[in-house]
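Structure record follows, encoded as structure tokens.
Numbering (the numbering used here), first residue to last: 408 to 718.
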């Protein structure tokens, strides 16, 4: 059995969620949402560094425990009223049923240009101009007010979650990690996504609730089961199947990490700081979030990384 909570974070810095492969060699685009895998990675990092003074191979050990005891939905931008979920409608892609792609980008998305400087000439090095796209941590609403950008989604915690003497405690407004005779707020502050050298990715917990605003319907069995409807889009990637009728998009999905959590034949001693992006996940094709799936009567299982699969 799983305990489901709705979670809201506030962005304290811009947020870049990169993806592979992408078109172009100059611009690094960002996704407009945060996949579950990013939360698995951020919580693995935070838990490991809270529990161990000099973590090395413990990242891999803790990562497996997070994989077994947690599930994460994808997280979407939120302005206290609307969850900006992508939807592939007849008129094109829109977000939250309110903004088309251009309007969404105008409100929430920014970019920054950087380049390496030649120390001899004090000019930009050839071929080093680089544009980074990101989700802004501030936005201007329809009334002209400047507000903090927020993200919202769901986290599921297995009942009696624990490992190697460490426990997870869930109360009304905290997920508490208990270990080393101490208690830590596990998700109070996380660093998500890429370009962290630019100061990107810091998010802080705003609220946890049992009945929040995130529009997801699920069962509470041994697996996290997501209901399919013909009237609402999927809220994370679903592996492509030629037998599925759909309206939306298909895209290749991959990513970089420090190790492949689904494989056991890897050396121990992998270090977070010494192995950034060392492992590239295999590329597969998926239905994109926002796609409508017309396979009534079937349920989807939410995997450890937030990706869906047919039951």
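Here a beta-carbon is modelled for each residue, glycine too, at the ideal position from N, C-alpha and C. The structure displayed is predicted, hence computed values, not measured ones.
Classification of residue i by the beta-carbon crowding that lies within 10 angstroms, buried from 16 upward
i           : result
residue 644 : buried
residue 494 : buried
residue 638 : exposed
residue 415 : buried
residue 513 : exposed
residue 631 : buried
For residue i: DSSP bridge partner residues
i           : result
residue 417 : 557 and 611
residue 659 : 692
residue 598 : 609
residue 493 : 502
residue 643 : Answer is none; residue 643 lacks a bridge partner.
residue 520 : 538
residue 719 : Summary: the structure shown does not reach residue 719, with the chain confined to residues 408 through 718, and so no result is reported for it.
Start and end residues, beta strand (DSSP E) containing residue i
i           : result
residue 537 : 537-542
residue 547 : 545-547
residue 514 : Premise fails: residue 514 lies in the alpha helix (DSSP H), 508-515, not in any beta strand (DSSP E).
Cα-Cα separation between residue i and residue j, rounded to whole angstroms
i           : j           : result
residue 678 : residue 657 : Low local confidence applies: a pLDDT of 48 at residue 678 is under 50, so the model's placement there is unreliable, and no value is given.
residue 515 : residue 508 : 11 Å
residue 596 : residue 694 : 31 Å
residue 623 : residue 452 : 27 Å
residue 601 : residue 454 : 19 Å
residue 676 : residue 517 : At residue 676 the pLDDT is 45, less than 50, meaning the model places this residue with poor confidence and gives no usable figure here.
residue 616 : residue 592 : 16 Å
residue 606 : residue 716 : 35 Å
residue 567 : residue 575 : 7 Å
residue 723 : residue 581 : Residue 723 lies beyond the residue range present for the chain, which begins at 408 and ends at 718; the question has no answer from this structure.
residue 587 : residue 640 : 43 Å
residue 503 : residue 487 : 12 Å
residue 578 : residue 584 : 11 Å
residue 710 : residue 443 : 9 Å
residue 476 : residue 713 : 13 Å
Cutoff 8 Å: residue i Cβ touching any chain B Cβ
i           : result
residue 464 : Annotation note: the requested chain B is absent from the structure, which comprises a single protein chain.
Element boundaries [alpha helix (DSSP H), containing residue i]
i           : result
residue 450 : 443-458
residue 476 : 465-476
Any non-hydrogen atom of the ligand HEM within 7 Å of residue i CB
i           : result
residue 651 : As for the ligand HEM, it is missing from this structure, which has no ligand bound.
Quiz item: Are the stretch 562-572 and the stretch 408-427 touching by the rule of at least three beta carbon pairs closer than 8 Å?
Solution: yes
Exercise. Count the C-beta pairs between the stretch 548-560 and the stretch 469-478 that are closer than 8 Å, then say yes if the count reaches three, no if not.
Key: No, the stretch 548-560 does not touch the stretch 469-478.
Self-check item: Cβ contact check for the stretch 631-649 and the stretch 694-713: 3 or more pairs under 8 Å
Solution: Contact between the stretch 631-649 and the stretch 694-713 is present: 3 or more CB-CB pairs across the two stretches fall below 8 Å.
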